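Residue numbers (our numbering): 2 to 324.
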């Protein structure tokens, strides 16, 4: 009897160790909050916090609609009901949200137009800044020269974002002639050189782009495919496969990303945990939740906190990072 008790105890210890290492979880991972910081009426997808940390933009699961929540007052502002998908980004001032509406203009599936707009959080008002009479790629922002880019049927359309009393520094102007730029499309990420005359599709699993994040210095990009794989690439480097998962987001200061890492049983994804990975591909898990799937993580402006949601919920949670 005593021998059987000892064997059972050893089996439990070995199973615990196997369970932890098989999931790639580092001992000492954090326990996520069980009480949400904020509860809304709709599930949140493609959550994106503005660079100042005041406003959070998000869409519905079906890609329709765009909402902005004031993280201070907790008020929610209706931006549009049109199809937006992953095609929106925050301006560096944190007050303006640029987005692309995809509208049906006729009964034919190809009868669509793309309308680029800017939403002002202070005025709670949108203004149209451009219109393309066709479907387009994903709205992409280059932080090095404050230009938005969009792939159209006739080529790349580019516009500069202007701010009152703002002038580009010399290094920003010089960046226009650097090695290249990133451009996101539904079919894949592109590396654009020679002023847009040369384009190369970056290697991934070929299932299309689900979400993407460009580093604050513009020197790297991370993206997740619809097939559930996360990739990273730095300028003039090879594409690096990071792991199975979704929702990558760059740290505001460090060369690392956080993403929702897939927990799999065989090839079946059963949940998601938050994981940090540096530019060399070395990473660690932040959470290991058995009963929740953490999604859409985003850094606070100082990089000391993560905001995220849980799949199929309407809640926003926070996670304080250990220094």
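Cβ atoms here follow ideal geometry from the backbone N, Cα and C, with glycine treated the same way. This structure is a prediction, so every number in the text was calculated from the model and none was measured.
So, using beta-carbon positions, are residue i and residue j closer together than 8 Å?
i, j, result
"residue 279", "residue 256", "yes"
"residue 230", "residue 209", "no"
"residue 311", "residue 295", "yes"
"residue 246", "residue 232", "no"
"residue 48", "residue 59", "yes"
"residue 107", "residue 52", "no"
"residue 43", "residue 56", "no"
Could you work out which residue in the options is closest to residue i when comparing CA atoms only?
i, options, result
"residue 65", "72, 100, 323", "100"
"residue 124", "163, 78, 91", "78"
"residue 252", "55, 217, 213", "217"
"residue 234", "162, 58, 281, 311", "281"
"residue 213", "89, 51, 38", "89"
"residue 243", "269, 267, 204", "204"
"residue 102", "84, 267, 318", "84"
"residue 81", "38, 35, 129", "129"
"residue 109", "135, 96, 97", "135"
"residue 306", "118, 113, 250", "250"
"residue 142", "155, 120, 185", "185"
"residue 272", "67, 69, 288", "288"
"residue 158", "98, 190, 196", "196"
"residue 183", "215, 155, 45, 74", "215"
Quick one: Cα of residue i to Cα of residue j, how far?
i, j, result
"residue 224", "residue 198", "23 Å"
"residue 140", "residue 321", "31 Å"
"residue 267", "residue 316", "29 Å"
"residue 163", "residue 265", "45 Å"
"residue 61", "residue 193", "30 Å"
"residue 297", "residue 309", "5 Å"
"residue 30", "residue 313", "23 Å"
"residue 188", "residue 67", "22 Å"
"residue 202", "residue 119", "28 Å"
"residue 274", "residue 285", "11 Å"
"residue 291", "residue 299", "21 Å"
"residue 207", "residue 190", "10 Å"
"residue 277", "residue 318", "17 Å"
For residue i, I'd like the list of residues in its chain whose CB is within less than 6 Å of its CB, leaving aside the five on either flank, ordered along the chain.
i, result
"residue 133", "115, 153"
"residue 160", "149"
"residue 54", "301, 302"
"residue 117", "101, 130, 131"
"residue 86", "64"
"residue 45", "59, 310"
Taking 8 Å as the limit between beta carbons, can you name the residues of its chain near residue i, skipping five residues before and five after?
i, result
"residue 236", "179, 180, 181, 220, 221"
"residue 173", "Only weak support is given to the placement of residue 173: the predicted model assigns it a pLDDT of 46, under 50, and the value that follows is read from those uncertain coordinates. The residues are 145, 146, 147."
"residue 304", "252, 253, 254, 255, 322"
Under three-state DSSP, which class holds residue i?
i, result
"residue 220", "coil"
"residue 95", "coil"
"residue 196", "helix"
"residue 76", "coil"
"residue 298", "strand"
"residue 100", "strand"
"residue 325", "Absent from the model: residue 325. The displayed extent of the chain is 2 to 324, so no value can be given."
"residue 144", "coil"
"residue 54", "coil"
"residue 154", "coil"
"residue 85", "coil"
"residue 187", "coil"
"residue 261", "strand"
Below 7 Å CB to CB, which residues in the same chain sit around residue i once its five sequence neighbours on both sides are set aside?
i, result
"residue 137", "101, 115, 151, 152, 153"
"residue 121", "96, 97"
"residue 92", "99, 162"
Got a sec: does the ligand GTP put a non-hydrogen atom nearer than 7 Å to the Cβ of residue i?
i, result
"residue 206", "Only the bare structure without any ligand can be found here, which leaves the ligand GTP out of the picture."
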